[in-house]
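To start, the structure under review is shown below, and the notes come after it.
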Amino acid sequence: MKNWIVGLTLACILPACVTINIYFPAAAAEKAADKIIDEVWQLKQGQDSATPKPAGQ
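48 is the number of the first residue of the sequence shown in my numbering; add one for each residue after it.
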């Protein structure tokens, strides 16, 4: 009975010590972020030019 408890304890503790590291390439992530920022700015500039200006100004 005692061996069973020790085995169960080890079976629960050992998987908890496993770490999975995922590394993203920094250059690719930065390039993707720059592309998204450029797209957002283009959309925003397109909206700004489409809004009518008040006649009094």
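Glycine included, each C-beta is placed from N, C-alpha and C at the ideal position. These figures come from a predicted structure and were not determined experimentally.
Between which two residues does the alpha helix (DSSP H) harbouring residue i extend?
i     : result
Pro45 : The structure shown does not extend to residue 45, since the chain is modelled only from 48 through 104, so no value can be given for it.
Is residue i helix, strand or coil when you go by DSSP?
i     : result
Thr56 : helix
Val87 : helix
Determine the direct distance from the alpha carbon of residue j to that of residue i, and round the result to whole angstroms.
i     : j     : result
Trp88 : Leu61 : 49 angstroms
Cys59 : Gln94 : 57 angstroms
Lys82 : Ile67 : 29 angstroms
Val53 : Ala76 : 45 angstroms
Ala63 : Glu86 : 42 angstroms
Ala79 : Val65 : 31 angstroms
Lys49 : Tyr70 : 42 angstroms
Ala73 : Trp51 : 47 angstroms
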